[in-house]
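Structure first, commentary second.
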Amino acid sequence: MSESLHHISRRRRAMPKLESYPSKRLVIRLLDKLLIIIAIVGPLMALPQLIAVYGTHDADNISVISWSSWALMNLLWLAYGIVHKEKPIIITYILWFIVNGMMAIAPIIFR
Numbered sequence: 063m064s065e066s067l068h069h070i071s072r073r074r075r076a077m078p079k080l081e082s083y084p085s086k087r088l089v090i091r092l093l094d095k096l097l098i099i100i101a102i103v104g105p106l107m108a109l110p111q112l113i114a115v116y117g118t119h120d121a122d123n124i125s126v127i128s129w130s131s132w133a134l135m136n137l138l139w140l141a142y143g144i145v146h147k148e149k150p151i152i153i154t155y156i157l158w159f160i161v162n163g164m165m166a167i168a169p170i171i172f173r
């Protein structure tokens, strides 16, 4: 069996009542595709904040601990996505890690 399909096959055997993947229903297939778009658009919505902080070099109100913690949580979600080969999770949390990491280091850079 292909390495990329192992998770789907195990899921199908363990949970026979779950929706098959890819789904036979159009709405669910569209939702699956929409999640790829959302995985990219969500982190892009944080760009205005990044531009504001890096454009003005003002990171006085940025909490290094909060943003670093979120970046750490992103790495855990990324590991989960990689283990389960879930492309939307992988894309989302790579992008969120970049955003949160950049916000975490801003106060250090702009002291």
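If you read the sequence shown in the numbering used here, its first letter stands for residue 63, the second for the next number, and so on. Using N, Cα and C, we set each Cβ at its ideal position, and we do this for glycine too.
Could you tell me how far apart the beta carbons of I153 and I102 are, in whole angstroms, since I believe they sit closer than 8 Å?
Locating residue 153 in the sequence shown gives position 91, counting from the first residue. Locating residue 102 in the sequence shown gives position 40, counting from the first residue. Yes, I153 and I102 are in contact; Cβ-Cβ is about 6 Å, under 8 Å.
Using the Cβ count rule (16 or more neighbours within 10 Å means buried), how would you classify M107?
Numbered from 1 along the sequence shown, position 45 holds the residue referred to as residue 107. Exposed: under 16 other Cβ atoms inside 10 Å.
Mind checking A89: buried by the 16 CB within 10 Å criterion, or exposed?
The sequence position of residue 89 within the sequence shown is 27, counting from 1. Correcting the residue identity first, residue 89 is Val in this sequence and not Ala. Burial call: exposed.
Just the Cα atoms here: how many angstroms apart are L157 and I99?
Sequence index remark: in the sequence shown, residue 157 carries index 95 (1-based). Sequence index remark: in the sequence shown, residue 99 carries index 37 (1-based). Their backbone Cα atoms lie some 12 Å apart in a straight line.
Could you check whether A133 and A168 sit closer than 8 Å to each other, using their CB atoms as the reference points?
In the sequence shown, residue 168 corresponds to position 106, counting from 1. In the sequence shown, residue 133 corresponds to position 71, counting from 1. Result no, Cβ atoms of A168 and A133 do not sit closer than 8 Å.
Using the C-alpha atoms, what's the distance from K95 back to S130?
Position 68 of the sequence shown, counted from the first residue, corresponds to residue 130. Position 33 of the sequence shown, counted from the first residue, corresponds to residue 95. So the two alpha carbons sit approximately 30 Å from each other.
Alpha-carbon spacing of L93 relative to R173, whole angstroms:
Here residue 93 is taken as the residue at index 31 of the sequence shown, counted from 1. Here residue 173 is taken as the residue at index 111 of the sequence shown, counted from 1. Cα to Cα, the separation comes out at about 44 Å.
Indicate the three-state DSSP secondary structure (helix, strand or coil) for F172 in the structure shown.
Taking the first residue of the sequence shown as 1, we reach residue 172 at position 110. Coil.
Does the beta-carbon distance from S97 to P150 come in below 8 Å?
Within the sequence shown, numbered from 1, the residue matching residue 97 stands at position 35. Within the sequence shown, numbered from 1, the residue matching residue 150 stands at position 88. Before going on, a small fix: residue 97 reads as Leu here, not Ser. Taking 8 Å as the Cβ cut-off, L97 and P150 qualify as a contacting pair.
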